[in-house]
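Worksheet: one structure, shown below.
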């Protein structure tokens, strides 16, 4: 009970403290109605000035309110020829303003962005209790604020007017992208170019060695899924559907041959791998080993994956004394002719090196090699084979080019310049990723 009474007392004290009364403020050559020494919280009183004077307000009398011991403003009486704080539309003062100014006082202003002084007059002058004010008018070539763009915002501050040449960048909402430009420019009282934000969509997805589960549409929204069916003798690696990503590209499934059985990481007796092991290996890939000290290889130092089974090297006890790595350094590869005809790799070819045990691979112009450059013959099988990844063909409509076809090699970028006939000239970058060309702009 005592705790409740104490808490209530504290609350009442705070409430009373928050509603303090006000003393009558000082006012030289003026008077209050009603005239008292103390005024209660919340009371509003009027005040006036003696003959020849006026309140520092826009009216000839003033009113103030007591709020918790403080008056709403400090009353002041000034000469009738003085002026109160000036205000110039579309302008800002160059220094901090006072509450009143004497006769003939001047205050300098500067026009807001997109405005200019009329007749080059930039000062306000106090004349007989009123102001002679400068006028800020819009520049001849300034622009009004641009029209609203759906699903977009401007990343610069708002102004009533913008100067010729001002650029405003736009950012589209999530799930949208600029139709062409991402900024607009004030040009001779107009904004150019017109900004639009279009919904990000994906075109028709294509998955190698498969067909779609239903008829494809021309475009898909972000998050849409399209189910596929692998061709006969093929199977999905993970999912069986494609997903339209926020970038407007597809996350595609992969169909691989059913016969593409993999081998788990290999192990041998009296030896260890000479390279970091992966979790699994495809057919015809190899792993190099080294024998323990005192052991040497019977033949090859390589394990070769064949249809899910390893052809493993054998480490036997050395007859002449071995060291770490055994006879792996003395191993010789088989002549390439022992593996039969050279492998056929689409868009690439091999060159036999003088040693007769190695083939050097190269791709056609613009194609990018993925895999080893050197191929050898091990135990009658070729080591891991490379492939040639095709380049991306540039969509000429995106760069407005009338010249011959342009290509970008896999994994590389290429910069193009928009034609000078367009109002704005800038560079456009095309990148080739997994056979798909991506563009950062459109001319």
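Numbering (mature numbering (1 follows the signal peptide of the UniProt record, and there is no 0)), first residue to last: -18 to -1, 1 to 425. Just so it is clear, CB atoms sit at the ideal spot from N, CA and C, and this is done for glycine as well. Just so you know, these numbers come straight off a predicted model, no measurement behind them.
Check your understanding: Can you name the residues that DSSP bridges to residue 416?
Key -> Its beta-bridge partners do not exist; DSSP assigns none.
**Study point:** Contact check, residue 272 vs residue 285, beta carbons under 7 Å
**Key:** no
**Study point:** Where residue 310 falls, given that 16 or more other Cβ within 10 Å makes a residue buried
**Key:** At residue 310 the pLDDT is 40, less than 50, meaning the model places this residue with poor confidence and gives no usable figure here.
Review point. In three-state DSSP terms, what is residue 100?
Key: helix
Review point. In terms of alpha-carbon separation, which member of 57, 84, 53, 54 lies closest to residue 68?
Key: 84
Check your understanding: Buried or exposed: which applies to residue 16, given that a residue is buried once 16 or more other Cβ atoms fall within 10 Å of its Cβ?
Key -> exposed
Check your understanding: To the nearest whole angstrom, what separates the beta carbons of residue 269 and residue 234, a pair I think is in contact under 8 Å?
Key -> Actually they do not touch by this definition, with Cβ atoms about 30 Å apart.
Exercise for review: Assuming residue 54 contacts residue 96 (C-beta within less than 8 Å), just tell me the rounded distance between them.
Suggested key: The Cβ separation is near 36 Å, so there is no contact.
Review point. Quick one: what does DSSP say residue 444 is sitting in, helix, strand or coil?
Key: The chain is shown from -18 up to 425; residue 444 falls before or after that span and cannot be answered.
Practice item. Please report how far the alpha carbon of residue 313 lies from the alpha carbon of residue 391, in whole angstroms. Key: Here the model assigns residue 313 a pLDDT of 45, short of 50, so the residue's position is not dependable and the matter cannot be decided.
**Study point:** CA nearest to the CA of residue 374, picked from 409, 329, 332, 420
**Key:** 420
Exercise for review: Return the chain-ordered ranges of every beta strand (DSSP E) run that is complete within the region 102 to 177 and spans a minimum of 3 residues.
Suggested key: 105 to 109, 112 to 114, 118 to 120, 134 to 136, 149 to 154, 158 to 160, 165 to 169, 172 to 174
Review point. In this structure, does DSSP put residue 50 in helix, strand or coil?
Key: coil
Review point. Could you give the distance in angstroms between the alpha-carbon of residue 224 and the alpha-carbon of residue 73?
Key: 58 Å
Review point. What do you get for residue 13, buried or exposed, if any count of 16 or more other CB atoms within 10 angstroms of its CB means buried?
Key: exposed
Review point. So, are the CB atoms of residue 38 and residue 60 less than 7 Å apart?
Key: yes
Review point. Is the distance from the Cβ of residue 329 to the Cβ of residue 346 below 7 Å?
Key: yes
Exercise for review: Output the boundary residues of the beta strand (DSSP E) element that contains residue 356.
Suggested key: 356 to 360
Review point. Got a sec, what are the start and stop residues for the alpha helix (DSSP H) residue 380 sits in?
Key: 378 to 381
Practice item. Under 8 Å by Cβ, that's how I've got residue 164 and residue 151 pegged, so tell me the actual separation to the nearest angstrom. Key: 6 Å
Review point. In chain order, what residues of the same chain have a beta carbon less than 8 Å from the beta carbon of residue 213, not counting five sequence neighbours either side?
Key: 191, 192, 193, 237
Check your understanding: Which term fits residue 239, buried or exposed, when burial requires 16 or more other beta carbons within 10 angstroms of its beta carbon?
Key -> exposed
Review point. So the beta strand (DSSP E) residue 270 belongs to, where does it begin and stop?
Key: 268 to 273
Review point. What distance in whole Å lies between the Cβ atoms of residue 62 and residue 22, which are believed to be in contact at a cut-off of 8 Å?
Key: Actually they do not touch by this definition, with Cβ atoms about 33 Å apart.
**Study point:** Closest Cα partner of residue 321 within the set 336, 129, 331, 340
**Key:** 340
Point to revise | Straight-line gap, residue 137 to residue 143 (C-alpha atoms, nearest Å) | key: 16 Å
Practice item. Have a look at residue 183 and residue 94 and give me their C-alpha separation to the nearest angstrom. Key: 42 Å
Review point. Which two residues bound the contiguous beta strand (DSSP E) that contains residue 397?
Key: 395 to 399
Review point. DSSP state of residue 428, grouped into three classes?
Key: This structure cannot settle anything about residue 428, because the visible part of the chain is limited to -18 through 425.
Check your understanding: Sorted by chain position, which residues of the same chain lie with C-beta nearer than 6 Å to residue 148's C-beta, five sequence neighbours on each side aside?
Key -> 168
Point to revise | Buried or exposed by the 16-neighbour rule on C-beta atoms within 10 Å, applied to residue 5 | key: exposed
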